[in-house]
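Participant:
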Amino acid sequence: MFSEKIEAMLEKVQKAPRYTGGEMNTKLKSWDETDLHFAFCFPDTYEVAMSHLGMKILYAVINQQPWSLCERVCMPWVDMMALMQEENVPLFSLENRRALNEFDVVGFTLQYEMSYTNILAMLKLGNIPLKNADRGQDDPIVVAGGPCAFNPEPLADFIDAFMVGDGEEQIVELNAVIRDWKKSGEPREACLKKLAAVRGVYVPSLYDVSYNEDGTIASFAPNCPEAPEKVVKAIVTDLDKAFFPTEIPVPYTEIIHDRIMLEIMRGCTRGCRFCEAGMLYRPVRERSLEHLVELAEKLEGATGYEEISLSSLSSGDYTCLPELIRELMKRLNEKRVSISLPSLRIDSVLKESLEETQKTRKTSLTFAPEAGTQRLRDVINKGVTEEDLIEKVNDAFQGGWSSVKLYFMMGLPTETYDDLDGIADLARKVVSAYFAVPKEQRAKGLRVTCSASVFVPKPFTPFQWEPQDTLDVVQGKQLHLRDALRKVKGVNFNYHESGLSFLEACFARGDRRMGQVLLSAFEKGCMLDGWTEYFKYDAWMDAFKECGIDPAFYAYRRREKDEILPWDFIDSGISKEFLWREKCKADRAEVTRDCRQGCNGCGLQRFKGVCSFCE
Amino acid sequence: MMAVFEKSERLRHIGHLDIMRSTQRALRRSGLPVSYSKGFNPHILITFASALSTGAVGKNEIMDVTLDSEVSPETFLSAMNAAMPPDMQLKSAKALDDKHPALMAMVQAAEYDLKLLDADTAAKCVAAIPAFLEQESIMAMRKTKSGIKECDIRPLLFELRGEGEHIYATMTLTEHMSCKPDMLVKALCDFAGCEVPRVLVTRNALLGHNEQGELTRLELL
């Protein structure tokens, strides 16, 4: 119905293929012959969206059910958005070009806090009331899942139901509830109450919050019997039995990760104390080698991709990694598929056969020591030593690489200027390792890139009680590090927009009141905050002021042990006691072993048989 | 193997490089014995008779794929159509021998269907065609790498007629010289005294010379 207008708009925009659809392996199901229509909304551009594995899984899962249809919707770029507003064209899906508000369910994935304004932009463009309280019987049910759904509160005013945990089974159950409700003709509230009974689903309107005078939470409780006191995350226990798509969409245009992503396992046993994903995705569940090989062959056949990457939080930890790679090479080499390897933790025999068979382009290698001194690495429980790093870097330089990226965080709890100087030291040692390789044996053109992001304390980590460094402190540290690294020849230094990390910190540990700030900032034109050229720091600060909310309360405040945290009602599997124990060990710079070496009692043992490393 | 394929309206904004990459991936999916180039970074041996510009639909576009072993055109066609997206299906295939000249060098002209998306302008343009063609020379602006150049497109027009909102044109298309649809439409609109409307460009066929030197569809040569 808008197709004519859309066609005309596509002639004017940059990168029209973002909006055309019709890619290989996408599904064009009949609208009329399906009972439930789900719009999978990615609050970022097409190139980012199509690189996301979770979207591919859920897209395929929903379309696999004969009764439901899933279509993709991405955040339009500013040029397209302006045309849509001018021409009065609503946000539409890539497949059947349906307006967003024609769908029964509109589902957002929450990958990053700073995409929240995009969610509001997409709802608005899709003619859906922004606030859940303003939605009527015929408006879509707006749901949201993904890692940021573990602290859903900043979006509590806008999302009808959050999906916490693994989505591939949960989403089918959720859709079935909505399908049945639609047939029943009952009021919208009835649907929400039924959704609250689905494992891992949180319906914010069914809970009330009250606050203390100091702004902390006094109480948080359900306001009806249908809502559970604790929302327990959904867990897929056996990945071999879980659905994994083999016919994944293959875009025409180049996207960010333009390759097969094979999820070899979910979760991580390392227990880095800053890492939210490492806690949220517990326990570790590995796909079996046989299943992975079968999936890889099917994926290759269905996509024609030339490259496959083994995806997980820490692929080097996969139990049978060398065997898996050998088997994949055996099957995929004749098909000219290259395997991009997660890390250098591979035995030497394998390394040789890799060199023979895999003509890998020697792009840069990435290492993430995260902190500059052993003391601070112990604080964050990053089990990497300087010797490890230098050894790996050595191997790399001898193996013909000349470009290395080093990732660090600044502003970690207990960090001092000594730790920053440690970063410069480490960079210097990496440079020396390069020059230690005889000139004939090393590749030309050394490039060492040091990136330092600003630490953002996240929920469900041992640092969830910690303050973030203030902007002044961060900027002082950035300058210090820049000067220290200037003295090291061959090193490039990148650092992040500190204002963005400050806001990220506010949302990451924000409560319901942050919703007002979000709405106000959106109304002031904030959008695409993750894109530096569109980030409007001052507008955000105005929004805080207008709402009478102090951002420092969320970002800079140290929480007390017994404070009710906004996300406490969610059971992530990890216990608050474990996190506090880890926090205390961090204060003492004491490390905790990898779960594979023995159970650390994180709380998952409550769910019998879920974690294979639990005692 | 020479194959004729369609680039449908849905894909008209997909550029030539993306179409090439997608076709290569389709060839990989098809399981056909495609040949790869030698060298450090081998790629599938495939050429297109002519790049189709972004924004245009192609009804009979032509590709040439080198295969390692003999495959019947029927097998090629069915394997590829299972592997190509619905909006990019093959219509026919024909085995070419190794001595066959390069398709790119064979292309002499192309047939276009230019739909003017403004009825009024279309009527004026259609009515102006006879007088337009009577001109001895028709100067048009051609965008080149080194800037905009003026060139005479009259000798490049083999056929030009109009019907309803459509302008049907057969124009020179070679590696050295060609008349692009936008050049023609601009010149015609200027002549008819109207603004250039939105145009939906469809390339219906690629043409080469037969033994008698007559323009003939490339796939029939």
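Protein chains in written order, with the working numbering: chain A, -3 to 611; chain B, 60 to 280.
The beta-carbon is built from N, C-alpha and C at its ideal position, and this holds for glycine as well.
Does DSSP put F393 of chain A in a helix, a strand or coil?
Facilitator: helix
Participant: Please name the residue, chosen from B:A181, B:V93 and B:M236, that lies closest to E129 of chain B on a Cα-to-Cα basis.
Facilitator: B:V93
Participant: Grouping DSSP H, G and I as helix and E and B as strand, with all else coil, what is I560 of chain A?
Facilitator: strand
Participant: Who are the Cβ neighbours of L481 of chain A in its own chain at under 8 Å, not counting the five residues just before and after it?
Facilitator: I419, A420, A423, C446, V487 and F489
Participant: Since R203 of chain A is in the beta strand (DSSP E), which residue starts that stretch and which ends it?
Facilitator: Position check: residue 203 of chain A holds Tyr in this sequence, whereas Arg was assumed. Per DSSP, Y203 of chain A belongs to the beta strand (DSSP E) from Y203 to Y207.
Participant: On the DSSP bridge list, what partners appear for R68 of chain A?
Facilitator: A:F36
Participant: Please report how far the alpha carbon of V102 of chain A lies from the alpha carbon of V258 of chain B, in whole angstroms.
Facilitator: Going by the C-alpha atoms only, they are around 35 Å apart.
Participant: Looking at the C-beta of S112 of chain B, does it have a partner C-beta in chain A at a distance below 9 Å?
Facilitator: no
Participant: Name, please, each residue of chain A whose Cβ falls closer than 8 Å to the Cβ of I73 of chain B.
Facilitator: P13, T16, Y248 and T249
Participant: Distance, Cα to Cα, Y171 of chain B vs N263 of chain B?
Facilitator: Near 5 Å, if we compare the C-alpha coordinates of N263 of chain B and Y171 of chain B.
Participant: Looking only at its own chain, which residues have a Cβ that is under 8 Å from the Cβ of T106 of chain B, when we skip the five neighbours before and after it?
Facilitator: Closer than 8 Å at the Cβ level, and outside the excluded window around T106 of chain B, lie M122, D123, A161, L162 and M163.
Participant: What is the residue span of the alpha helix (DSSP H) that N59 of chain A lies within?
Facilitator: L49 to Q60
Participant: Could you tell me how far apart the beta carbons of L87 of chain A and M51 of chain A are, in whole angstroms, since I believe they sit closer than 8 Å?
Facilitator: Between M51 of chain A and L87 of chain A the Cβ distance is about 17 Å, and since that is not below 8 Å, they are no contact.
Participant: For Y413 of chain A versus E366 of chain A, is the C-beta distance shorter than 9 Å?
Facilitator: no
Participant: Does the Cβ of F216 of chain A have 16 or more other Cβ atoms within 10 Å, making it buried, or fewer, making it exposed?
Facilitator: Classification for F216 of chain A: buried.
Participant: Hey, how far is the Cα of E222 of chain B from the Cα of V185 of chain B?
Facilitator: 7 Å
Participant: What is the DSSP secondary structure of D241 of chain B, counted as helix, strand or coil?
Facilitator: If DSSP states are grouped into helix, strand and coil, D241 of chain B belongs with the helices.
Participant: At a Cβ threshold of 9 Å, is I78 of chain B touching chain A?
Facilitator: Yes, I78 of chain B lies at the interface with chain A (some Cβ there is under 9 Å from its Cβ).
Participant: Between which two residues does the alpha helix (DSSP H) harbouring N140 of chain B extend?
Facilitator: P132 to A142
Participant: Could you give the residue range of the beta strand (DSSP E) that holds I207 of chain B?
Facilitator: G206 to D211 is the span of the beta strand (DSSP E), which, as asked, contains I207 of chain B.
Participant: Using a Cβ cut-off of 9 Å, pull out every chain B residue sitting near S56 of chain A, in sequence order please.
Facilitator: First, the amino acid is wrong: residue 56 of chain A is Ala here, not Ser. Chain B residues near A56 of chain A: none, gap ~17 Å exceeds 9 Å.
Participant: Use the C-beta contact count for P409 of chain A: other C-beta atoms within 10 angstroms, 16 or more gives buried, fewer gives exposed.
Facilitator: buried
Participant: Suppose you measure from the CA of A85 of chain B to the CA of R278 of chain A; what does that come to, to the nearest Å?
Facilitator: 38 Å
Participant: How is Y550 of chain A classed by DSSP in three states: helix, strand or coil?
Facilitator: helix
Participant: Closer than 7 Å by beta-carbon distance: list the chain B residues that pair up with G297 of chain A, in chain order.
Facilitator: R88
Participant: What span of residues does the alpha helix (DSSP H) with I105 of chain B cover, start to end?
Facilitator: Element bounds for I105 of chain B: not the alpha helix (DSSP H) but the beta strand (DSSP E), I105 to F107.
Participant: Excluding the 5 residues preceding and the 5 following K604 of chain A in the sequence, name in chain order all residues of the same chain whose CB lies nearer than 8 Å to its CB.
Facilitator: none
Participant: For S590 of chain A, collect the residues of the same chain with a Cβ closer than 6 Å to its Cβ; drop the 5 residues on either side in sequence, then sort them by chain order.
Facilitator: The displayed chain sequence assigns Asp, not Ser, to residue 590 of chain A. T265 and R266.
Participant: Which partner residues of T369 of chain A appear in the DSSP bridge assignment?
Facilitator: T369 of chain A pairs with nothing; no bridge assigned.
Participant: Does the CB of Q83 of chain B have a neighbour CB from chain A at under 9 Å?
Facilitator: yes
Participant: Report the neighbours of E620 of chain A on chain B: residues whose CB is nearer than 8 Å to its CB, in chain order.
Facilitator: Lying before the first or after the last residue shown, residue 620 of chain A is absent from chain A, which here runs from -3 to 611.
Participant: Which residue marks the beginning of the alpha helix (DSSP H) containing A117 of chain A, and which one marks its end?
Facilitator: Y112 to L121
Participant: Taking the alpha carbon of G495 of chain A as the reference point, which residue from A:R505, A:K473, A:V484 and A:T466 has its own alpha carbon closest?
Facilitator: A:T466
Participant: Examine chain B for any beta-carbon lying closer than 9 Å to the beta-carbon of L6 of chain A, and answer yes or no.
Facilitator: yes
Participant: Out of A:A585, A:T369 and A:L575, state which residue places its alpha-carbon closest to the alpha-carbon of C598 of chain A.
Facilitator: A:L575
Participant: Whose C-beta lies closer than 7 Å to the C-beta of R674 of chain A among residues of the same chain, with five residues either side of it excluded?
Facilitator: Any question about residue 674 of chain A goes unanswered here, given that chain A covers just -3 to 611.
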